[in-house]
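Counted the way this note's numbering counts, the sequence shown spans residues 60 to 410. Backbone N, C-alpha and C fix where the C-beta goes; we use that ideal spot for every residue, glycine too. Quick caveat: nothing in here was measured; it's all calculated off a predicted structure. Structure first, then comments.
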Amino acid sequence: MILRTEKLIPFFVSLSHDSNGKAVLYDGSLDGEKVEVVITESKKDFCKAEIDRILEASSDRVEPICPHFGICGGCDLLYMTRKRECEEKEKAFRGFFAEFPEVRFLPPVFPDRERSRIRAAFCRNGKAKGFFQKASHDVVNIGCCPLLDPALNAILADLPESGKVVSDDFLASDAIDVAGFRYHVGNDVFFQSNAESAAALLEFVVRSAGDAAHVLDIYAGVGFFSKALECKGRTVVAVEENPKCLRYARKNLKSAAYHNVKAEDAGYLLRNSNPGFAVIDPPRAGMTDKAFEVVSRLKPARIVYVSCAIDKSIRDIRRFADCGYRVSEAQLFDMAPATRHIETACLLERL
């Protein structure tokens with residue numbers, strides 16, 4: 060089937076229609092391109108397809124800088140210019156906030172693609188060492204990835220071989236410097252994957268806290284936000300359920316009160332709390348109903364909601380808006396260049 064790609068829809072899915080007007084969705088094409096596709100799945104309202112050939116290419120299409128692109132599952136977008144990637148990410152980001160016309164968008168943070176990642180999950184299988192193949196647990200054997208920090212490429216080169224399929228998360232160092240703060244972290248806990256974007260995100264949160272004397276950090280992890288917030292003399296209460304984060308948080312934090320409990324179970328700890336500011340950085344699925352209740356009852360004057368899944372976070376942001384908060388600022392942080400993923404933060408202020 061030959062189609063003309065009409066547009067990209069979030070996030071980076073190509074959309075066209077067949078001769079009967081049925082939507083066809085596929086990856087890897089830019090608007091205006093003429094492509095030959097093969098239908099892989101047909102549903103009532105749309106079809107899924109894979110590109111067989113590019114017949115007419117967009118001026119924004121480029122030769123990928125990595126020879127493994129298209130097979131390796133580590134990247135999605137090396138077929139387009141970085142400029143076009145950034146434009147599409149910002150357009151999708153702004154689109155999700157269309158229902159909040161009062162929001163002020165701050166300039167997005169787009170670091171360079173190359174040598175930008177400080178975190179990666181490597182896989183091993185027999186003599187293959189690299190990343191998982193797209194939609195598979197087969198391992199693509201790569202010697203070097205142009206998007207990784209040089210320290211990570213060195214780890215990849217030294218990775219021992221194994222006859223078993225495994226996936227291990229690695230950081231460029233066990234002590235990461237972000238915006239002048241040193242964080243002790245390990246491969247067994249979450250930490251942001253791009254130092255430049257992480258520094259900008261940290262700046263957004265600290266600035267948004269303003270002069271709040273009492274601060275709440277929900278889903279605190281290893282204390283990424285708490286460390287920067289406590290250095291201003293604030294009283295910081297951090298809540299994190301993952302026990303593995305605790306040993307790193309003890310190294311990272313000086314005065315913050317760190318509670319190793321689930322956010323939804325923290326109500327009794329916070330019953331006498333009166334935070335002027337809260338930062339919330341939930342898992343991809345967003346906040347549970349009970350966790351939302353815990354925070355909304357405290358009624359902090361300002362909230363920053365951080366998310367790696369904006370389609371899920373909009374639900375929670377809408378709930379805060381319904382509880383009397385105004386969405387005043389939003390910013391995009393590109394933590395994973397050349398992938399479909401973005402990190403977002405928005406500032407909510409109580410009316």
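DSSP beta-bridge partners of residue i
| i | result |
| --- | --- |
| Phe-128 | Cys-131 |
| Tyr-364 | Ile-339, Cys-405 |
| Asp-228 | Ala-180 |
| Val-354 | Val-354 pairs with nothing; no bridge assigned. |
| Val-234 | The residue asked about is misnamed: residue 234 is Ala in this sequence, not Val. Paired residues: His-243. |
| Val-320 | In DSSP, Val-320 forms no bridge with anything. |
| Tyr-307 | For Tyr-307, which the question treats as bridged, DSSP gives no partner whatsoever. |
| Phe-392 | Val-168, Glu-402 |
| His-196 | None; His-196 has no bridge partner. |
| Phe-379 | The partner list for Phe-379 (beta bridge, DSSP) is empty, contrary to what the question assumes. |
| Tyr-384 | Arg-409 |
| Ala-82 | His-76, Phe-105 |
| Arg-63 | Lys-93 |
| Phe-191 | Val-198 |
| Ile-68 | Val-72 |
From the options, residue whose alpha carbon lies closest to that of residue i
| i | options | result |
| --- | --- | --- |
| Ile-235 | Asp-217, Glu-255, Leu-218, Ala-216 | Glu-255 |
| Cys-131 | Ile-401, Tyr-327, Ala-180 | Ala-180 |
| Val-296 | Val-354, Asn-246, Gly-87 | Val-354 |
| Asn-212 | Phe-190, Ser-195, Ala-194 | Phe-190 |
| Ala-82 | Phe-71, Glu-92, Lys-103 | Lys-103 |
| Phe-351 | Asn-331, Ala-325, Ile-369 | Ala-325 |
| Ala-108 | Cys-182, Leu-114, Gly-133, Leu-62 | Leu-62 |
| Gly-154 | Gly-383, Lys-321, Ile-373, Leu-328 | Ile-373 |
| Lys-193 | Asp-270, Val-72, His-127 | His-127 |
| Leu-218 | Glu-146, Pro-205, Thr-64, Ile-201 | Ile-201 |
| Tyr-242 | Ala-187, Cys-106, Asp-77, Arg-306 | Arg-306 |
| Ser-175 | Cys-405, Pro-396, Leu-406 | Pro-396 |
| Leu-410 | Arg-399, Asp-381, Met-394 | Asp-381 |
| Ala-308 | Gly-245, Ile-401, Val-162 | Gly-245 |
| Val-248 | Lys-371, Ala-322, Tyr-278, Cys-134 | Tyr-278 |
| Pro-342 | Lys-371, Lys-349, Asn-331 | Lys-371 |
| Met-394 | Glu-173, Arg-112, Thr-64, Asn-79 | Glu-173 |
| Ser-411 | Cys-106, Pro-69, Ser-88 | Past the edges of the chain, shown from 60 to 410, lies residue 411, and the structure says nothing about it. |
| Cys-182 | Pro-170, Ser-195, Asn-331 | Ser-195 |
| Cys-203 | Ala-259, Gly-133, Arg-377, Asp-197 | Gly-133 |
| Lys-291 | Cys-304, Pro-302, Val-265, Lys-303 | Val-265 |
| Leu-206 | Phe-263, Leu-136, Leu-165 | Leu-136 |
Chain D within 8 Å of residue i, Cβ atoms only
| i | result |
| --- | --- |
| Cys-182 | Structure shown: chain D not included; a single protein chain is present. |
Expected contact under 8 Å - CB spacing of residue i and residue j to nearest Å
| i | j | result |
| --- | --- | --- |
| Asn-253 | Val-281 | Not a contact, Cβ separation roughly 16 Å. |
| Ala-360 | Glu-408 | 7 Å |
| Lys-93 | Leu-114 | 4 Å |
| Ala-210 | Ala-231 | 4 Å |
| Ser-101 | Asp-86 | Going by Cβ atoms, the distance from Ser-101 to Asp-86 rounds to 17 Å, so no, they are not a contact pair. |
| Leu-329 | Leu-357 | 6 Å |
| Pro-167 | Glu-149 | 5 Å |
| Ser-75 | Gly-91 | Contact doesn't hold; Cβ gap of about 11 Å is too wide. |
| Leu-300 | Val-320 | Reading the sequence as shown, one finds Glu at residue 300 and not Leu. Yes, Glu-300 and Val-320 are in contact; Cβ-Cβ is about 6 Å, under 8 Å. |
| Asp-276 | Ser-285 | 5 Å |
| Ala-287 | Leu-260 | Contact flag wrong, Cβ pair sits at about 10 Å. |
| Val-162 | Ala-404 | With a Cβ gap of about 12 Å, Val-162 and Ala-404 do not count as contacting. |
Would you mind listing the alpha helix (DSSP H) stretches within the stretch 246-303 that are 4+ residues and don't spill past its ends, in chain order? 254-268, 283-289
Please confirm if the stretch 357-373 is in contact with the stretch 139-147, defined as three or more CB-CB distances below 8 Å between the two stretches. Contact between the stretch 357-373 and the stretch 139-147 is absent: fewer than three C-beta pairs spanning the two stretches fall below 8 Å.
Are the stretch 154-163 and the stretch 88-98 in contact at 8 Å, needing three or more beta carbon pairs? no
Count Cβ pairs between the stretch 306-320 and the stretch 334-344 that sit closer than 8 Å; are there 3 or more? Note that the stretch 306-320 does not touch the stretch 334-344; fewer than 3 beta-carbon pairs, one per stretch, sit closer than 8 Å.
Ranges of the alpha helix (DSSP H) found wholly within the stretch 129-171, counting only runs of at least 4: 141-155
Residue ranges of each beta strand (DSSP E) within the stretch 94-130, 3 or longer: 105-115
Any contact of the stretch 119-126 with the stretch 384-391, i.e. 3+ C-beta pairs under 8 Å? no
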